Structure formats: C-alpha cells, structure tokens
Amino acid sequence: MKEWCEYLIVTFFLYLFRILPTSWVYLILSWLARLFFQLLKRRRELAIKNLSLAYGESEQKAQYRQLAKKVFLGIARTTAETILIFNGRYDIDQHVKNKELAAEKIRQLAGRSTKGIIIIGAHFGNWELLAHFMAIHGYPGLVVGRAGDNKLIENKMTTPFREKFGNRNVHTGKAMRDITKTLRSGQPVGILFDQKATRANGVKSSFFGKQCGTTTAIATLKLKYDPLIVPGFARRCDDGDYEILIGDPVTYTAEDKDDKKQKIAAMTQRYNDILEDMVRSAPEQWFWVHNRWRIG
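So that you can map any letter, position 21 of the sequence shown is 617 in the numbering used here, and since no number is skipped, the others follow by simple counting.
As structure tokens, then:
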C-alpha cells in the first residue's frame, strides 16, 4: 500500500510538472530545496560536518552552512532537470556548452578499445546527463546504479528514465555478469564510485585527506579485463548549462606493487584522487549529504 501511495504521489507531480511552465518547475524545486534545508536537520548537519572534515575546522561554520545550502539547491536543480528530461521537455544538446568537443571525444573513445570502457563518475553536477549525452551521440552503454526502495517507482520511472535514449540500466549487487558482457562487446559501462563501501566490497582509501571506504570493483575489473578507465562528469556552469568533461584514460595499474591487494588499493586511490580534484573545482555540486567517511 505504501509503495502505491508513493508511486501515485510521484505520478501526480510528474503530470503537474508536465503542464507547468519550465520556469515554474525550477522555481518550485528551488523553494522545496530551501524548505528541506530547514526541515532535514540530520542531512543539513551531515553536509556541514562533511565540509568541515574535508576543508578543516579553520573555516567558519557559517561558510559551510551557506555552501551546504547551495548543495541542496544543486540537488533540486538536478531533480528539476531529471523531471524535465523524463517528460521530454529538456533538450540536452541545447544545454551542453561544449557539445561538439564532447561529442568528438566520445567518438574517439568509441574507436579506441575493443575491451570496453568504464566511465568513472560521481554524484556531481548532473550525474545522469553524461550517460544520456553519450547515448544521444551514438555510444549507449550500461548504467550501474542502486535499486530504489520503491519497486514501482524503480520499474515504471527510474529505469525508463535511465534507458530513455538507449542505455541499459542494471542494479548494483546483480551487475557483474552484465558488466563483463558489456565490456567484452567493447561498449561503455558507467559507474558512480563515490558512495561509501563496506569492508567486504571495498578498501580504505583517502578522500580529502580522510580515510573512507571505496569500492574496489573498478580496479578489479581493470586488472581482469583491461578496459579503458575514463573519468566523466557533467559540471554545471554559472548559467545553469553544462560542460561535459571526459578525461584521458587512466593508465596507472600500480606496476610498482607486487601484491594484488596492494595494486587494487593503489589504483583505487588514484581514482579517488581524480574525483577529489573534480569536487574541489565546484564543491557545491557534490553530494555532501551522504555519509562518505563512514567506514563499515
């Protein structure tokens, strides 16, 4: 019953946002972000705490509070764009400033590896937009994500949204067969690796100088199947449009380490360093409301 109620509520708002002017969609989500920033004390304080951990206690808490508020507003804008894309009211190409350059980079990647490509990303900017952009420009792949708690919403909304332009969606925990099959076919796999990992499926690594649990899946796949590892992000610009940032392949495989576990740990640290550099470039665009430094 709860699943159906949640599904009907989301369906109502999707329909409402289909008929409202686009500017209203952004305005309403922005207002909700400000409201939730006040109401969701635990998430607000977690974001402030995480910022203090990352940047040090020397900064005033008021500055972290203001930055945390921008994080909430950024998540709201991503949500608004997700709704507009789902409803067919958002032209992705029109909102990508470096469309030609990014599309050319994608074409180059498509021809470079017969062993597949892993696009490593994070909950940064609009993390769904890059996969859509790649599919629109002729290079669809496999998108790996956590299954939502509500199966109705997951099956009728989230999965159709992620597969809207030709990508395939698969859930973490059941993804390995699909990942290996996709890589062997030479296609891309998108993995967001910035969420905390347990001791069973992760390794301790440094992020902003603090220890955290990070998944070892990417390094393990690199050593076993040798795909290209390519950083990919959609970073929001000041005017709300995006810059697609596709980095050069990460060639580091920790050849200086003798032990496989040490290799995996060193490679995972390299991927974390790449993510940290991106977050530092626009800290308000990262998902600071997640308990990243909890090791469990």
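Idealized CB from N, CA, C, for every residue including glycine. A quick note: this is a predicted structure, and the numbers were derived from the prediction, not measured.
Serine 648 - DSSP class collapsed to helix/strand/coil: Reduced to three states, the DSSP call for serine 648 is helix.
Reference histidine 767, options Gly741, Gln791 and Gly805, closest by Cα: Comparing Cα-Cα distances from histidine 767 to each of Gly741, Gln791 and Gly805, the minimum goes to Gly741.
Cβ pair alanine 731, tryptophan 882 closer than 8 Å: Contact: no.
The segment 638-654 contacting the segment 804-820, beta-carbon criterion three pairs below 8 Å: Contact between the segment 638-654 and the segment 804-820 is present, because at least three Cβ pairs lie under 8 Å.
Simplified DSSP state of phenylalanine 613, which is helix, strand or coil: Of the three classes helix, strand and coil, the one that applies to phenylalanine 613 here is helix, per DSSP.
Runs of beta strand (DSSP E) lying entirely within the segment 788-855, each at least 3 residues, in chain order: For the segment 788-855, whole beta strand (DSSP E) runs of length 3 or above, ordered along the chain, are 798-803, 806-811, 824-832 and 838-842.
Backbone CA spacing between glutamine 634 and arginine 831 [nearest angstrom]: Whole-angstrom Cα-Cα distance: 26 Å.
Three-state class that DSSP yields for valine 885 in the structure shown: Correct three-state label for valine 885: coil.
Endpoints, alpha helix (DSSP H) assigned at arginine 708: Counting along the chain, arginine 708 falls outside any alpha helix (DSSP H), and DSSP gives it neither H nor E.
C-beta atoms of threonine 849 and leucine 819 nearer than 8 Å: Yes, the Cβ-Cβ distance between threonine 849 and leucine 819 is below 8 Å.
Residue from Val799, Phe668 and Glu851 whose Cα sits closest to the Cα of leucine 628: Of Val799, Phe668 and Glu851, the residue nearest in Cα terms is Phe668.
For isoleucine 732, the three-state DSSP class (helix, strand or coil): Here isoleucine 732 carries a helix assignment [DSSP, helix/strand/coil].
Residues bridged to arginine 764 (per DSSP): Beta-bridge partners of arginine 764 (DSSP): Leu738.
Start-to-end residues for the alpha helix (DSSP H) that takes in glutamine 634: Counting along the chain, the unbroken alpha helix (DSSP H) around glutamine 634 starts and ends at 618-635.
Beta-carbon spacing of leucine 779, lysine 701 below 8 Å: In this structure, lysine 701 does not lie closer than 8 Å to leucine 779 by Cβ.
Classification of glutamate 724 by the beta-carbon crowding that lies within 10 angstroms, buried from 16 upward: With 16 or more Cβ atoms within 10 Å of its Cβ, glutamate 724 is classed as buried.
Proximity below 8 Å, CB of glycine 782 to CB of alanine 793: With respect to the 8 Å criterion, glycine 782 and alanine 793 are not classified as neighbours on the basis of their beta carbons.
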